[in-house]
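Colleague: Supplied in structure tokens, the structure appears directly below.
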Amino acid sequence: MRRLYKLDHPSREYTPIPFWFLNGDLSHGEIRRQLRDFCDHGVYGVVLHPRMGLRQDIGYLSETFFDYLRTAIETAAELDMRVVLYDEGMYPSGSACGQVVENRPDLASLGLARVKEVCTGDRVLCEKDGLYLVERHSGGTIRGVHYGEDDGEPNAPLSADILNPEAVERFVQLTHEAYYRHFAEYFGNVVIGFFTDEPSVLGRNVRDMMPWTRGFAEIFTAAGGHLDGLLTLFDGQENADTALYRRLILEREEQVYYARLSGWCAEHGIALMGHPHQSDDIELEKYFHVPGQDLVFRFVSPEKGGVVGMDSTMAKCGADMARLLGRGRNSNECFGACNRDGNPWYFTGSDMKWYIDWLAVRGVNLFIPHAFYYSLEGQRSAERPPDVGPGSIWWPHYRLFADYMSRLSCLMAEGQYQAKIALLCRNRDLHAEEAAPLFQGQKSFLYLPESQWAGCFEKEGRLICGPWTFDAVIGPEEQFPTVPHGADSVPADCLCQPAQPELRVAPLIWEGQPCWLLVNEGEGEIEARITLPYRGSLGQYDLWNGAAYRLETERNENGTSFMLSLPYRGSLLIFAWDEAKALPNLPRLPEMRPDFYLESEDASVFQKTYRAALPPCDTDVTVCAEAEEMAELFVNGQFCGVSFWTPHRFRVPLSLTGGRAADLRLVVTGSRANRYGNPVRYGLKEK
């Protein structure tokens, strides 16, 4: 199938590019070994991320530090891998691990505070009703790379004032220029980007303060602001002065920090990558050559649902800005500390599949897994777990996940997203509550931020924005008055009988023909008749296994319909193809649930081994089992397959059984939480 060849064999540019936590006693040999191991598992890129636990004698940005990074970059070049540099030690970005402020305390983060008593060093901006508005150092810090430099610890590096051009220039000279001096020959070929990580104006561990910088009072008042009007910021009350403050702070952050880094990266032939501080910071995305966001702490999760709250907007925040700006890639730093139930390391393969699908169907096309750990020795294993790469139970089979992410990245990068609804938004106001029914009703939409409105025009009842034509808008009716407001006038991407609020659909044009990515975001199976607004032959493509099949369809007045059976954690690509009838039928194999019994347990590796007999079969069969968590099936001693979520289904080919009774061995491996966190159950589910 020539049309699907790219998905069968996605190029290396679509590889996941994980954070690689350089957090231990680095050695040149181990750096080379781990990079080769990544390649062997289908991972062809890394973010070189200095991290807590780095050996004490390896000073951040020291010659020793750069010597180890040279080994990593040279090895990546030999292996045809790509490298993204990380601009901090550790995060948030902008301080060079405290070196910006070192010997320059005046460059430390500033904040705006409302106080009853003025302290030494405060600059009083105004007083009203016994309350003072003062400018003072925030005392904010960042997380460093050595023990003793974490939140609340005495050596935590001070954060720099990223609204101060002098501080940002010092940051660029200390960090970006130093990397370029050492690795200039790799920029634009091996080194493809610089990752800036959730820059924070105030720094970490700051309370009851608002972003500020020296000289901003004069900027604010010159723009017509009244300083005493900012006292209400601390009560959450909004007025004309607070609105002006927020606009000017955003403009200052854009111009001083993001524009400077974006320009530097462009001048040096690489991309500004990473993500802004907040999940709905959509206006800041325009400075990223690869817009991005950060999925952490299970703020979005299968049990909470994927359409609730501010963080539910993050995937489309980066993806839609990339689409509007014509940038081919957008990223997400995903899985960070997404463990279940507050239990370190309790993160399952089922969870990871859900998050990958959640991101992809919203448009993410570059996955940055958080994280692969250089070392899990000692307390390193407790630093923002889990390791979702070499330290995970699924690492021997990681290529399945790597290939899946690569296929989705290729599809979402090269497919042209189709949306007929524009959801008007402003920075940090992406209307999750209005987006939710669009997702649940299978109506594709595009976020249209305020900075893009001026370039739009209305024509014959439609909204035109560059190459985009919208049939309806959601937002202030006075903004585009001749365009229908609300989603009622726009048909769904597909009709579902019965309704399927957990079905997500991304309509695309792929290789000149329509296709639809379908994702089951719920906790049960989806069974429905689906009608697509298309008349023609359809095929179905299993993105997990890389296999295409015919789709049995019927024509009706609304288009083409078919029965959809999308299992738990299921995803499927439906594609239009005139020659779809030449595809093989999806095999309908008999399902068997053998009576497995526990043969042995190895508590040292958290594995239980079960045995069962498979009766003689004259065809391929599907063997099913209900188990927690990763299950591997062996048939007559030969590996048959692996599954990461229940119910586990394994296709047992006739070639393994020869039509005779067969011996089945099922190995179930428990979560790494049993080693690094709190024990959780594993093995076959009790009947």
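Reading the sequence shown from the start, the letters are residues 1052 to 1738 in my numbering.
Beta carbons: idealized from backbone N, C-alpha and C, even for Gly.
Would you check if the segment 1121-1132 and the segment 1067-1083 touch, i.e. whether three or more CB-CB distances between them fall below 8 angstroms?
Modeller: Flag = yes, the segment 1067-1083 and the segment 1121-1132 touch.
Colleague: DSSP state of residue 1596, grouped into three classes?
Modeller: Three-state result, residue 1596: coil.
Colleague: Let me make sure I understand the geometry here. Which of 1352, 1212, 1488, 1189 has the alpha-carbon closest to that of residue 1620?
Modeller: Minimum Cα distance to residue 1620 is reached at 1352.
Colleague: State the DSSP-derived secondary structure class of residue 1083, mapped to helix, strand or coil.
Modeller: It is helical.
Colleague: Please tell me whether residue 1403 and residue 1452 are closer than 8 angstroms, where the distance is taken between their beta carbons.
Modeller: Against a cut-off of 8 angstroms, the Cβ pair of residue 1452 and residue 1403 comes out as a contact.
Colleague: Excluding the 5 residues preceding and the 5 following residue 1394 in the sequence, name in chain order all residues of the same chain whose CB lies nearer than 8 angstroms to its CB.
Modeller: For residue 1394, where only same-chain residues beyond five positions count, the Cβ hits under 8 angstroms are 1724, 1728, 1729, 1731.
Colleague: Helix, strand or coil for residue 1018, going by three-state DSSP, please let me know.
Modeller: Because the chain spans 1052 through 1738 in this model, residue 1018 falls outside it and cannot be assessed.
Colleague: Would DSSP call residue 1337 helix, strand or coil?
Modeller: Three-state result, residue 1337: helix.
Colleague: Are residue 1441 and residue 1396 close, meaning C-beta to C-beta below 8 angstroms?
Modeller: Not closer than 8 angstroms, so no.
Colleague: Return the CA-CA distance between residue 1285 and residue 1467, expressed in angstroms with no decimal places.
Modeller: The alpha-carbon atoms of residue 1285 and residue 1467 are separated by roughly 44 angstroms.
Colleague: From residue 1564 to residue 1078, what does the alpha carbon distance come to, in whole angstroms?
Modeller: Each residue's alpha carbon lies about 50 angstroms from the other.
Colleague: Apart from the five residues just before and just after residue 1201, which ones in its own chain have a Cβ nearer than 8 angstroms to its Cβ?
Modeller: Counting only Cβ-Cβ distances below 8 angstroms, and skipping sequence neighbours, we find 1103, 1194, 1195, 1207.
Colleague: How would you label residue 1212, buried or exposed, when you count the other beta carbons within 10 angstroms and need 16 or more for buried?
Modeller: By the neighbour-count rule (16 or more Cβ atoms within 10 Å), residue 1212 is buried.
Colleague: Could you spell out the range, first to last residue, of the beta strand (DSSP E) harbouring residue 1503?
Modeller: That residue, residue 1503, is in no beta strand (DSSP E); it is neither H nor E in DSSP.
Colleague: Which residue wins for smallest C-alpha separation from residue 1182, given the options 1189, 1172, 1168, 1191?
Modeller: Comparing Cα positions, the closest option is 1168.
Colleague: Please state the DSSP three-state secondary structure of residue 1668.
Modeller: Coil, per DSSP.
Colleague: Between the Cα of residue 1590 and the Cα atoms of 1579, 1629, 1562, which residue gives the shortest distance?
Modeller: That would be 1629, whose Cα lies nearest to the Cα of residue 1590.
Colleague: Can you tell which of 1704, 1716, 1721 has the C-alpha that lies nearest to the C-alpha of residue 1696?
Modeller: Taking only the C-alpha atoms, the option nearest residue 1696 is 1721.
Colleague: Where in the segment 1404-1451 do unbroken runs of the beta strand (DSSP E), each at least 3 residues long, occur, reported from the N-terminal end onward?
Modeller: The segment 1404-1451 contains these whole beta strand (DSSP E) runs: 1418-1420.
Colleague: In terms of residue numbering, what span does the alpha helix (DSSP H) encompassing residue 1487 cover?
Modeller: That run of the alpha helix (DSSP H) goes 1483-1491.
Colleague: Specify the secondary structure class of residue 1328 as computed by DSSP and reduced to three states.
Modeller: Of the three classes helix, strand and coil, the one that applies to residue 1328 here is coil, per DSSP.
Colleague: Assuming residue 1225 is part of the alpha helix (DSSP H), what are its boundary residues?
Modeller: Residues 1216-1225.
Colleague: Kindly give me the distance between the Cβ atoms of residue 1141 and residue 1096, rounded to whole angstroms, as I take these residues to be in contact under 8 angstroms.
Modeller: About 20 angstroms; that fails the 8 angstroms criterion.
Colleague: Give the DSSP bridge partners of residue 1245, in chain order.
Modeller: Per DSSP, 1136, 1323.
Colleague: What is the DSSP secondary structure of residue 1674, counted as helix, strand or coil?
Modeller: Three-state DSSP puts residue 1674 in a strand.
Colleague: Out of 1542, 1726, 1510, which has the shortest C-alpha to C-alpha gap to residue 1533?
Modeller: The candidate whose alpha carbon is nearest that of residue 1533 is 1510.
Colleague: Quick check: the Cα distance between residue 1301 and residue 1676, rounded to an integer number of angstroms?
Modeller: Straight-line Cα distance between these residues: approximately 53 angstroms.
Colleague: Provide the residue(s) that pair with residue 1653 in DSSP beta bridges, ordered along the chain.
Modeller: The partner list for residue 1653 (beta bridge, DSSP) reads 1658.
Colleague: Would the segment 1474-1493 and the segment 1363-1376 be scored as touching if the rule is three or more Cβ pairs under 8 angstroms?
Modeller: They touch, by the three-pair rule.
Colleague: First and last residue of the beta strand (DSSP E) that includes residue 1525?
Modeller: Looking at the DSSP string, the run of the beta strand (DSSP E) that includes residue 1525 is 1523-1525.
Colleague: Does residue 1226 pass the burial test, meaning 16 or more other C-beta atoms within 10 Å, or should it be called exposed?
Modeller: Under this definition residue 1226 is a buried residue.
Colleague: DSSP three-state call for residue 1458: helix, strand or coil?
Modeller: Helix, per DSSP.
Colleague: Apart from the five residues just before and just after residue 1399, which ones in its own chain have a Cβ nearer than 6 angstroms to its Cβ?
Modeller: Cβ within range, chain order: 1680.
Colleague: Put residue 1315 into one of helix, strand or coil per three-state DSSP.
Modeller: Here residue 1315 sits in helix by DSSP.
Colleague: Residue 1559: which of 1413, 1604, 1608 sits nearest, CA to CA?
Modeller: Minimum Cα distance to residue 1559 is reached at 1413.
Colleague: Per DSSP, which residues does residue 1582 bridge with? Please list them.
Modeller: The partner list for residue 1582 (beta bridge, DSSP) reads 1546, 1612.
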